[in-house]
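Numbering (the numbering used here), first residue to last: 1 to 252. Scroll down for the structure; my scribbles are underneath it.
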Amino acid sequence: MRLGLRQVKGIDEASRELLDEQRAIGSYAGLRDFVARTGLGEQVVERLIAIGAFDWTDIPRRELLWQLRSTLADADPDRPALGLTDDAQRALGASLPPMTFAERLAADYRELSLSPTAHPVELFRERVAARGVIPIGEAGRRRDRSMVRLAGLAVSIQHPMTAKNFVFIALEDETGMINVTVRPQVYTAHRALLHRHPLLVIDGVLQVEGEVLNVVARRIHPVDAVVAEAAAPEGRERSTAIDLAKQQRMFR
């Protein structure tokens, strides 16, 4: 529990200790009981709802966020009221659409910088596979100096002073991580893209030295462009994947 709370942005040590103390007293009856016992601020509780900390209530997250407004308004006489009856508030909350899997994943990365349930590349796997992308975990089965196309999250981009303007990317997907070397001319051509788009598709040459794998990048693409190219049925699922791929900042 403590490790998980440390991952949540905006929750300080005092708040974590308070949560531990209240948890030791007994389980929470629901969101209203949690707010009354902890007195935590609105933004902190919103973050906890967004990452699924209240999923045990079996109430959809959007409905819980709506309930939070009325709960805080009831607890604070100086806070503007919603101007709705209890029945009307419940009806409006219940009418909100539940968060999609992609939206829950986005909330995890926004508030935790990671997701305990999935990797973002999983959302696009079928679509990028249609464009020749293989999982990083399969790269080890390819021959040295073969061309590969990989998709992943750039978890780090390093510019060592002693590397003669070479750049090194740690690229991660749901199957593993691989090092990518970017030559100076390739970096110059893709500099802006690399600093705006952490979700990447990289075409390059695989280097195999024993158990060590490395890819020398030749071309770099934002994953949303490759997802949009992929042949897939139209509809909410496809558009959601493309929209999420475009929301690059949340994966920083």
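Beta carbons are placed, not taken as given, at the ideal position from N, Cα and C, and that holds for glycine.
Exercise. May I ask you to list the residues that DSSP assigns as paired with M99?
Key: The residue labelled residue 99 in the question sits at position 99 within the sequence shown. Answer is none; M99 lacks a bridge partner.
Quiz item: For T57, does the three-state DSSP call read helix, strand or coil?
Solution: Numbered from its first residue, the sequence shown carries residue 57 at position 57. It is helical.
Self-check item: Rounded straight-line distance, which links the Cα of F54 to that of E46
Solution: For the purposes of this step, residue 46 is taken as the residue at position 46 of the sequence shown. For the purposes of this step, residue 54 is taken as the residue at position 54 of the sequence shown. Looking at the two C-alpha atoms, the distance is approximately 10 Å.
Quiz item: In three-state terms, what does DSSP make of S113?
Solution: Working through the sequence shown from its first residue, we reach residue 113 at position 113. Assignment of S113 by DSSP, reduced to helix, strand and coil, places it in the coil class.
Quiz item: How would you call I136, buried or exposed, if buried means at least 16 neighbouring beta carbons within 10 angstroms?
Solution: Numbered from its first residue, the sequence shown carries residue 136 at position 136. Per the 10 Å Cβ criterion, buried.
Quiz item: Using 8 Å as the threshold, is the region 208-221 in touch with the region 133-147, meaning 3 or more CB pairs across them?
Solution: Remark: three or more beta-carbon pairs, one from each stretch, lie closer than 8 Å, so the region 208-221 and the region 133-147 are flagged as touching.
Quiz item: What's the call for A106, buried or exposed, on a 16-neighbour Cβ count within 10 Å?
Solution: If you number the sequence shown from 1, residue 106 lands on position 106. Buried, because 16 or more other Cβ atoms sit within 10 Å of the Cβ of A106.
Quiz item: Taking V226 as the reference, which of Q67, T71, R131 and P60 has the closest Cα?
Solution: Reading the sequence shown from its first residue, position 226 is the one you call residue 226. That would be R131, whose Cα lies nearest to the Cα of V226.
Quiz item: If you count every other CB in all the chains shown that lies within 10 Å of the CB of A163, and 16 or more means buried, which is it?
Solution: Your numbering for residue 163 matches position 163 in the sequence shown. By the neighbour-count rule (16 or more Cβ atoms within 10 Å), A163 is not buried but exposed.
Practice problem: Inspect the CB distances between the region 51-66 and the region 24-34 and report whether three or more fall short of 8 Å. | Solution: Contact between the region 51-66 and the region 24-34 is present, because at least three Cβ pairs lie under 8 Å.
Self-check item: Segment contact, 8 Å Cβ cut-off, at least three pairs: the region 118-130 with the region 2-19
Solution: no
Exercise. Following the continuous alpha helix (DSSP H) through H195, name the residue where it begins and the one where it ends.
Key: The residue you call residue 195 lines up with position 195 of the sequence shown. From DSSP, the alpha helix (DSSP H) with H195 extends over P184 to R196.
Quiz item: By how many angstroms is the C-alpha of A36 removed from the C-alpha of L171?
Solution: Position 171 of the sequence shown, counting from 1, holds the residue named residue 171. Position 36 of the sequence shown, counting from 1, holds the residue named residue 36. Taking the straight line joining both Cα atoms gives about 44 Å.
Quiz item: If you run the structure through DSSP and keep just helix, strand and coil, what is L199?
Solution: Residue numbering aside, residue 199 sits at position 199 when the sequence shown is read from its first letter. L199: strand per DSSP, three-state reduction.
Practice problem: Compute the distance between the beta-carbons of D108 and I25, then report whether it is under 8 Å. | Solution: Here residue 108 is taken as the residue at index 108 of the sequence shown, counted from 1. Here residue 25 is taken as the residue at index 25 of the sequence shown, counted from 1. The criterion of a C-beta distance shorter than 8 Å is not satisfied by D108 and I25.
Self-check item: Cβ-Cβ separation, N214 to P184 (assumed contact under 8 Å), whole Å
Solution: Reading the sequence shown from its first residue, position 184 is the one you call residue 184. Reading the sequence shown from its first residue, position 214 is the one you call residue 214. The Cβ separation is near 17 Å, so there is no contact.
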